[in-house]
Amino acid sequence: MSLNVPTPTPPEESKDGESKRELPEAWQRFLTAIQKEAASLPTSKN
Amino acid sequence: MSTGTILKLNAAQLTDGTFLISATDSHHLAVASEELASFLFAWDEQSFYGTFLARNEEGLLLSPREALSFFIDPPWLRHVLYEPSESFAACQNTALLIQQCLESASFLPDFAAWKAGYPGWRFADEPPELPDSARRWLSAVIEEMTANRSEVGRAWEQLQIEYPALTVTGEELSPHLQEQEWLQSIGWLPDLTPFRTCLQLLEDPEGENDWTLQFRLQDREHPDRLYPIEPSPLFHKNGGFEEIPVAWQAYSDRIDRDLATCVEVMPWLMPDEASGRIRTRLDNEHAWLFLTTSSLQLVQAGIHVFLPAWWEQVRRTKPRLKAKIKSQAGSSGPSFLGISQLMDFEWKLALGDVEISEAEFAQLLKQKQRLLKIRGQWVQLTPDLFLQMQDALKKNRGKNALTLRDVMNIHLRALPKEEDGFLAEDDEPQQQLALEVELNRPLQQLFTQLQQTQKIPLLAQPQAFHGTLRNYQLAGSSWLWFLRKYRLGACLADDMGLGKTVQFITYLLYVKDNEEQSTPSLLICPTSVIGNWQKELERFAPSLKVVIHYGNHRKRDEAFLSEIEGADLVITSYALSHLDEQELSRVHWNAICLDEAQNIKNAYTKQASAVRDLRANHRIALTGTPIENRLSELWSIFDFLNPGYLGGLSEFTQRFVQPIERDQDKTLIAQVQRLIQPFLLRRVKTDPSIQLDLPEKSERKEFVPLTAEQGALYETAIQDMFARMERASTMERRGLILTTLTRLKQLCDHPALILGEIQAQDEVGRSHKLERLLELIEDIRQKGERCLVFTQYIEMGNMLRRVLIREGYGPVFFLNGSTKKEMRDEMISRFQDPSEDVENRATVFILSLRAGGTGLNLTEANHVIHFDRWWNPAVENQATDRAHRIGQKRNVQVYKFISLGTIEERIDEMIERKQSLSQQIVGGSESWITELSNAELRELFALRHEWMDTRR
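Protein sequences, first through last, are from chains A and L. For the first sequence, counting from 1, position 37 maps to 36 in numbering that gives the first Met the number 0; every step adds exactly one. For the second sequence, counting from 1, position 891 maps to 890 in numbering that gives the first Met the number 0; every step adds exactly one.
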């Protein structure tokens, strides 16, 4: 089913960081929280 | 672990998402899980060095999140040679990929996963060779993060509130839904449609079964602009464009799709598909379905819904089943009432302001309507409510009368009005039917008086009373008399020393003055206070004829009945209430009063049940301890006062005691308080309305070191306990701890107590406590004043008496559990008699805490010495109140003796800090100590040497 409107660019097609800016605030808060938690993971020594 | 250990590591992701890490050694033998944990997690603090990790017989089990941390950077040990298998190495690579993906937030919701029934995620840039398990792992890690009460968890909750479509998975998702639409509905993709489709439910103001479902388009930029549309499955073909902005016509596909979603959620909107018509007129049943279910599903599917403003109130209205007391009940005056008095009533179902009679309800039941308008107001009758109501009526079928006990119970347990009526925001709407009672006018007045004692009429002091009653005492006696008129049992729980005795004596005089002479009243009290009662009755109400039923020469059988003939009051002890049950149960007493009612706290004792079985017109309990904090005791006393009022003990325990003790449930505590409040009167000395003007009481702690002998014995006792504990069973351990506790406390008093010396040598020099006591008593004697000395140990009391007489402080009285009544009365009377000549007058009165702690009046002393400590300060205070009570004219000085560095000091610290020891525990017994761990016991018992006297 197609719409007669311009198809929005899905966030995954943009580069890192940019995608979050296009998302609503609640999504941005969720992704930021995930990033924060990921930052507490150990760093690979390999 | 030896140098050069080789470990071949394997990894596998199990079906539930967890990872199994296993290993074999250089001999290809499997490494045990315990050992593997020490090889792999020796430095991992988070898992407490591997201790907290789950495991099975094959190896260690890691959650997806734990596995991620582990594979990113395995905490290898230097002296171990690790050989990762292919699967292990693959997990390491995937872990790094997931880490990068999370750090850069380059993942997106996976529609396929949501359709499959769970919230899943995929990588934004998935490499072609990505193993299938990688997505599963990524999703599992994010799920683990969202499940925690962390920032991620909170952000996820908020996201779900804002986009409810996120909560819909599996079959609940429309099969026609496309990924792009779904991403728009969850807010991941912007929805560029200039409007959104809305549904509004409107009621027909005239009709009672007629509703309209209005379909509208709402302007996203100007939400107040709403355009009605004619719904039809093929909107773009059938037209209906006239009303909407021209620019929106390009989006007719979207309107079609939204309408299709509406029909999917509510198939009954289009009962006949061939007709192609969507219905917009609804009856009550469908309106109810729309309000309760469909509206939520529509919101989840991204369609906006407007509901009538009153719906939220109706939804949250708590249904109540009301027993409406008929107007004549209780109107004939108090003489017709009593806790078992039956009252006619009728059932009503109350929903907000609407009341439905039982007959109306039966009618509605036939109609099976769930949403209906009654007397101009919409009410919701859920199927669940129907069942509950039917159930409640079935239980009470044929019951057309309630007892006053039932009425009070229902009325007092119900929530206060301001808290009532609506469900809390997070309550389930289909919660239990609340039961309440609607009182008629006479009962309303009675309940007001019971709940606000100041509204009870104050009677004048009886003519026959010798002396002057204080106002609060008159109020107390009037309260007892008021409850008597309604045959409602009363618990007078005034603070020690406020004169419960005179209040009961006054009550007896009211009975004598206002009622026909009938059988006597019965007073049951501890043996130690029988004499006190006798004296007080002689002093304040000499006109009352009193019979003391006590001692070996007491009358039995018929002689007992003859003796009490014409008496106003019979006094006996708790022990005899059971032994002479046969005599006491032959009389239907005018009133029964239990003094120090906590004596029946253990409901299962023969004594308690004998007392409960006695018959009487009215029941009274006197107690100086705040019983409201001790629930089982409270039940026992209340079951005596108003039998059955709090239900059976097991029911009460299940409903109140267990949840209150377990969770400190505030609602239940308040409920119990409301239930007992009308029958409990407690005033405290500090209450401004009491205006007691008692002299001041000040406290001082006397810290005394142990002697070297005491210190050595103290340490030996502790060492001995710990040594024997190693071999002891649980029961033996408990016994051992309690015995040691007593030994230590005795030791603090004097070493001779545990050495079994009958006549100790050098008694004074071996205990600094004893030395200090003599100094204090000398000071007191110099001032011409008197003191009470309390101890828990009979041997200590005997020694004190011996030493004091030897040191020239005689006469010295010692009252304990084995002191005969005559001797006890004489001691008290001599100690209190100011006319006794100075030579013969006792300066010191020693009392055992147990026998002398309650019920005695020893106001001639203005110094109180506690020679050893008790866990519960209330028990010590009660003892102190023997001197600090009405009649005391001088300031009272209290001394508490504490041996430094010992268990006594710890007891004192605990009382001061009130730390985790609740009143319940402290008040109960010492048994909680037996549950402490060895380390805690060491801390509690250990002797702090810095305070030990090393002079010898």
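All C-beta atoms in this analysis are idealised placements derived from N, C-alpha and C, irrespective of residue type, glycine included.
In terms of beta-carbon proximity, residue 162/L lines the interface with chain A, with at least one pair separated by less than 9 angstroms. Look at the segment 173-186 of chain L: the residues with a C-beta under 9 angstroms from a C-beta of chain A are 175, 177, 179, 180, 182, 183, 185, 186. Linking residue 121/L to residue 255/L through their CA atoms gives a straight-line distance of about 31 angstroms.
For residue 273/L, no Cβ of chain A is located within less than 9 angstroms of the residue's own Cβ. Runs of alpha helix (DSSP H) with 4 or more residues, each lying fully within the segment 452-538 of chain L, are found at 470-484, 499-513, listed in chain order. Note that the C-beta distance between residue 355/L and residue 343/L is not below 9 angstroms.
Residue burial is scored here from C-beta neighbours: residue 598/L has at least 16 other C-beta atoms within 10 angstroms and is therefore classed as buried. Residue 151/L reaches chain A at 29, 32, 33, 35, 36, counting residues in chain order whose Cβ is nearer than 9 angstroms. The Cβ atoms of residue 879/L and residue 865/L lie closer than 9 angstroms to each other. If you check the CB distance, residue 548/L and residue 569/L come in under 9 angstroms. Residue pairing from DSSP leaves residue 445/L without any beta-bridge partner. DSSP places residue 702/L inside the beta strand (DSSP E), whose first and last residues are 696-703. Uninterrupted beta strand (DSSP E) stretches at least 3 residues long and entirely within the segment 96-164 of chain L occur at 106-108, 120-122, given in chain order. The beta carbon of residue 743/L is closer than 8 angstroms to those of 713, 716, 717, 901, 902, 940 in its chain, skipping five residues each way along the sequence. In terms of Cα proximity to residue 841/L, the closest of 782/L, 812/L, 114/L is 812/L.
In the displayed model, residue 822/L falls within a helix according to three-state DSSP. Sequence-distant partners of residue 364/L (beyond 5 residues in either direction) whose C-beta falls short of 8 angstroms from its own C-beta, in its chain, are 385, 389. Around the C-beta of residue 683/L, fewer than 16 other C-beta atoms lie within 10 Å, and the residue is accordingly described as exposed. Proximity of chain A to residue 68/L at the Cβ level (cut-off 7 angstroms) is accounted for by 40, 41, in chain order. Using a CB distance below 7 angstroms, no part of the segment 711-736 of chain L faces chain A. Proximity of the segment 198-205 of chain L to the segment 290-307 of chain L meets the contact definition, three or more beta-carbon pairs being nearer than 8 angstroms. When DSSP states are grouped into helix, strand and coil, residue 48/L belongs to the coil group. With its beta carbon at least 9 angstroms from every one in chain A, residue 244/L lies outside the interface. Restricted to the segment 550-629 of chain L, the alpha helix (DSSP H) segments that are unbroken, complete and at least 4 residues in length are 556-563, 573-578, 580-583, 605-612, listed in chain order. Taken in chain order, the members of the segment 89-123 of chain L whose beta-carbon sits within less than 7 angstroms of a beta-carbon on chain A are 95, 98, 101, 102, 103, 104, 105, 107, 123. Exclusion of the five residues before and after residue 96/L leaves 133 as the residues of its chain whose Cβ lies within less than 7 angstroms of its Cβ.
Looking from the CA of residue 848/L, the closest CA among 829/L, 227/L, 875/L belongs to 875/L. Residues of the segment 134-147 of chain L whose Cβ lies closer than 8 angstroms to any Cβ of chain A, in chain order: 141, 144.
CA-CA distance, residue 593/L to residue 699/L, rounds to 35 angstroms. Closer than 9 angstroms to the CB of residue 302/L there is not a single CB belonging to chain A.
Residue 749/L counts as buried, since no fewer than 16 other beta carbons sit within 10 angstroms of its beta carbon.
In the DSSP secondary-structure assignment, residue 12/L is bridged to 18/L. By the Cβ criterion, the segment 824-831 of chain L is not in contact with the segment 484-502 of chain L, since fewer than three pairs of Cβ atoms, one from each stretch, lie closer than 8 angstroms. By the criterion of at least three beta-carbon pairs nearer than 8 angstroms, the segment 616-625 of chain L is not in contact with the segment 647-659 of chain L. Annotation: residue 203/L has no Cβ neighbours in chain A at a cutoff of 9 angstroms; minimum Cβ distance is about 36 angstroms. For residue 72/L, the C-beta contacts it makes with chain A under 7 angstroms involve 41, 42, 43, 44, in order along the chain.
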